[in-house]
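Those protein sequences? They're chains A and B, same order as listed.
The numbering used here puts the first residue of the first sequence at 66, with every later residue one more than the last.
The numbering used here puts the first residue of the second sequence at 11, with every later residue one more than the last.
Cβ atoms here follow ideal geometry from the backbone N, Cα and C, with glycine treated the same way.
Just so you know, these numbers come straight off a predicted model, no measurement behind them.
Below is one structure, written out as structure tokens; comments come after it.
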Amino acid sequence: MTSPRNTPPGNTAPGNTAGTAPAAEAGALSRRRFLGAATAAGAGLAGAGLARAEAPKPDPLITEVQDWNRYLGEGVDKRPYGTPSRFEKHVVRREVSWLTAAPESSVNFTPLHELDGIITPSGLCFERHHGGIADIDPANHRLMIHGLVDKPLVFTMEDLRRMPRQSHVHFLECAANSGMEWRGAQLNGCQFTHGMVHNLMYTGVPLKLLLAEAGLKPNAKWLMLEGADSSGMNRSLPVEKALDDVLIAFAMNGEALRPEQGYPLRAVVPGWEGNIWVKWLRRIEAGDMPWQAREETSKYTDLLADGRSRRFTFIMDAKSVVTNPSPQAPLRHKGRNVLSGLAWSGRGTIKRVDVTIDGGRNWQAARIDGPVLDKSLTRFYVDFDWAGQELLVQSRAIDSTGYVQPTKDELRKVRGVNSIYHNNGIQTWQVRPNGETENVEIG
Amino acid sequence: MSRSVDSRLRRRLSVLALTACAGLTVLSVGPLVAQSQKPVAAKPAAIAPGPHAKLGLGRPALPEEIRAWDIDVRPDGQGLPPGKGTVRQGDEIFQTQCASCHGEFGQGNARWPVLAGGQGTLKADRPEKTIGSFWSDLSTVYDYIRRAMPFGNAQSLSADEIYAVTAYLLYLNDIVKDEDFELSDKNFSSVKLPNAGAFYEDDRETSEKAFWGKEPCMTNCKAEVKVTGRAAVLDVTPDSKSAPKVD
């Protein structure tokens, strides 16, 4: 919605900020408000970040020949499977050890603040296991379909790779993403508050093809999906969803699934809570009622204030987060900055994302960038000037069903603070004048 | 006569050559034969099975294979294996197999799950969700122990041992009071858990209807904004049971 600045950033002359440039008047009202004090501080912006007062010294990185410019680099065979630059070592999954009793039944977090676009690099996708990472030779993996079917079947991975396949981009969000934040601001970084999400292109066989092969009986209403790992993860899936868009995937981002993502086979259940995307999938049983497995009674049920609980809350509602700036990615420069973030909805596509920098007093629509896909992460940006004033940054997603991402208080009013899962409330970051950014709640 | 067979054969060969040219693999001879009568319509249809055709992949699952993997138990008792076990027997097994994590009485050591107690706390500020206070179906206890416990040595307990441990968990939760109580596949479904009636299907589309279809405020939405809470970073009570927890 925001038109690009009329003035090229490099040409910013004192006073010539977006709010005062006559040509920008059309969209200037909201922008001027949005940019806040930027106008007043315009004169200072041109020199921000550069010590203009001193006589400029030549940059030795330019005037002197550097090692990488003189000596040979590594040859082509050095890295048969590439890894990121050694200067990107900080871009890693991280865990919060006190969250769980054992690392084998635990979670770590995607470094959202270091990423861009919408595809999560395979090695950075958050992990959630309940019995550690199963180590399975695909030659020894079997998928069984039985129960209320005409013909119970066993498939090998070779069988599955001979079936018609599809590729789709979808987000997987843990039902507990942001769950630690129900009672208030707890963890300082969007990696920790929102990093139980990733977005990949999955390749696999539509589940409906496998079910057609076995022949679902008319009274088959539910399927039980079960993993081959030591937790034997099992969940009940309604048949309608299975016949709609569930994939049984063997590839992610163009290559085989990573072991921690279910190698060699996992369920992809678009828009639904991560727990039901059963990894190391080995068995699908058809039945006429749900199983009430541990992961859909004790866990992944949502306790409300009246002491009763919702169950089978499968869909992940519309949600968004500003990834930059955020506590792990503070603002480092006055003047031009890029605000960046992610929005997603389990009910469809993202229609709009609004962003505020004054704690929700005023909003403007962000610029959606790149593909807007069904049940997928969607990238948004706001290019803005920062004069060094305190900011209270929020984002608010609206999806194709007209659902507007609620505030945390609006959610708490309906659900209380003990429902653990499905916290899609609006996140606030406070940016201080020195650029430091903190996870806060506002009222 | 032999002439027309010849020409048909030639046509069929040309269809084959065409698909080979396109770099495609011939999956089945069936469609080719059918299409040899109508060679013009051949190309892609020549290799693609019809939309409703079965793929013919996979093989029948044998009864022994299904029995080996079909370990799930449902609330109606489907899947329960024959067997039995008493509270006393369960106590013994629990102390050797389970207590090191869950505590002698299911109270949970360190951050390991609490299995007993907490009844009446679901509306409290800090609810204690256990089998007795929260779970809806006893079948879930059997199913979960059978597939996933003990943690690190799953599927090592016998059917009778699981009945016994389940009986002991009922005892710890005051759902049965008699140490001689015996749980079996026969009486299993008659045991009801206290919180069974307190679950309902996802109703967000009605109870949270207000989140849909409103045009949100864009300008001058509020007069004043105050910071009411700050992240108490990673120093939040690391070992406390009241600290946020994922399980």
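Point to revise | Proximal residues of chain B, C-beta to C-beta of A/Tyr486 below 7 Å | key: Neighbours of A/Tyr486 on chain B: none; closest Cβ ~10 Å, over 7 Å.
Point to revise | Beta carbon proximity, B/Tyr173 to chain A, threshold 7 Å | key: Not flagged as an interface residue toward chain A: B/Tyr173, since no C-beta distance is shorter than 7 Å.
Check your understanding: Counting along the chain, where does the alpha helix (DSSP H) carrying A/His155 start and finish?
Key -> Run containing A/His155: none; DSSP gives neither H nor E here.
Point to revise | Buried or exposed by the 16-neighbour rule on C-beta atoms within 10 Å, applied to A/Leu275 | key: Taking all protein chains in view, the Cβ of A/Leu275 is crowded by 16 or more other Cβ atoms within 10 Å, so the residue is classified as buried.
Exercise for review: Provide the residue span of the alpha helix (DSSP H) that contains B/Asp170, from first to last.
Suggested key: Element bounds for B/Asp170: Ala169 to Leu182.
Check your understanding: Between B/Gly239 and chain A, is there a C-beta pair that is closer than 7 Å?
Key -> Judged by the 7 Å Cβ criterion, B/Gly239 is in contact with chain A.
Point to revise | DSSP three-state assignment for B/Phe144, whether helix, strand or coil | key: Coil, per DSSP.
Review point. Along chain A, in chain order, which residues have C-beta atoms closer than 8 Å to that of B/Glu75?
Key: Proximity of chain A to B/Glu75 at the Cβ level (cut-off 8 Å) is accounted for by Met209 and Val219, in chain order.
Practice item. For A/Thr443, count neighbouring Cβ atoms within 10 angstroms of its own Cβ and tell me buried if that reaches 16, exposed if not. Key: Around the beta-carbon of A/Thr443, 16 or more other beta-carbon atoms lie within 10 Å, marking it buried.
Check your understanding: Is the segment 405 to 422 of chain A in contact with the segment 204 to 215 of chain A, if contact means three or more CB pairs nearer than 8 Å?
Key -> Touching, no, given that fewer than three Cβ pairs across the two stretches are closer than 8 Å.
Check your understanding: Rounded C-beta distance between A/Thr378 and B/Arg214? I'm assuming under 8 Å.
Key -> Cβ atoms of A/Thr378 and B/Arg214 come within 8 Å of each other, at about 7 Å.
Practice item. Give the straight-line distance between the Cα atoms of A/His263 and A/Cys190, rounded to the nearest whole angstrom. Key: So the alpha carbons of these two residues sit roughly 6 Å apart.
Point to revise | For A/Glu278 and B/Asp135, the rounded distance between their alpha carbons | key: Computed Cα separation, rounded: 50 Å.
Review point. Exposed or buried, what is B/Ala174 when buried is set at 16 or more other beta-carbons lying within 10 Å of its beta-carbon?
Key: So B/Ala174 ends up on the buried side.
Practice item. Give a yes or no on contact between the segment 424 to 437 of chain A and the segment 222 to 238 of chain B, applying the rule of three or more CB pairs nearer than 8 Å. Key: Cβ pair count under 8 Å is three or more, so yes.
Check your understanding: When you compare each of A/His487, A/Ala370 and A/Arg497 to B/Lys133 by their alpha carbons, which one comes out closest?
Key -> Shortest Cα-Cα distance from B/Lys133 to any of A/His487, A/Ala370 and A/Arg497 involves A/Ala370.
Practice item. From the DSSP output, in three-state form, read off A/Leu407 for me. Key: If DSSP states are grouped into helix, strand and coil, A/Leu407 belongs with the strands.
Review point. With which residues is A/Phe445 paired in a DSSP beta bridge?
Key: Answer by DSSP bridge pairing, in chain order: A/Gly406 and A/Ile433.
Review point. Of all the beta strand (DSSP E) runs that stay within the bounds of the segment 118 to 205 of chain A, which reach a length of 3 or more residues?
Key: Runs of the beta strand (DSSP E) lying entirely within the segment 118 to 205 of chain A and spanning at least 3 residues, in chain order: 171 to 174.
Review point. Ordered along the chain, which non-local residues of its own chain (more than five positions away) have a Cβ less than 6 Å from that of B/Pro92?
Key: For B/Pro92, the CB contacts under 6 Å within the same chain, skipping 5 residues up- and downstream, are Asp195 in chain order.
**Study point:** Burial state of A/Ile485 (16 or more Cβ within 10 Å)
**Key:** Buried: at least 16 other Cβ atoms inside 10 Å.
Point to revise | Separation of A/Val157 from A/Gly269, as counted between CA atoms | key: In this model, A/Gly269 and A/Val157 are separated by some 27 Å (Cα to Cα).
Review point. Are B/Ala206 and B/Ser149 close, meaning C-beta to C-beta below 7 Å?
Key: Cβ distance not < 7 Å, so B/Ala206 and B/Ser149 don't count as in contact.
**Study point:** Where the segment 135 to 156 of chain A meets chain B: residues whose CB sits under 9 Å from a CB there
**Key:** Taking a C-beta cut-off of 9 Å against chain B, none of the residues of the segment 135 to 156 of chain A qualify.
Check your understanding: From the beta carbon of B/Met228, is the nearest beta carbon of chain A less than 7 Å away?
Key -> Chain A contact via Cβ: present.
Practice item. Spell out whether any CB of chain A is found under 7 Å from the CB atom of B/Phe221. Key: Between B/Phe221 and chain A, the shortest Cβ-Cβ separation is below 7 Å.
Check your understanding: Where A/Ala167 and B/Cys111 are concerned, what is the direct C-alpha to C-alpha distance, given to the nearest angstrom?
Key -> So the two alpha carbons sit approximately 11 Å from each other.
Practice item. Leaving aside the five residues before and after B/Val151 along the sequence, list all residues of the same chain whose C-beta is less than 8 Å from its C-beta, in chain order. Key: Counting only Cβ-Cβ distances below 8 Å, and skipping sequence neighbours, we find Ile141, Trp145, Thr176 and Leu179.
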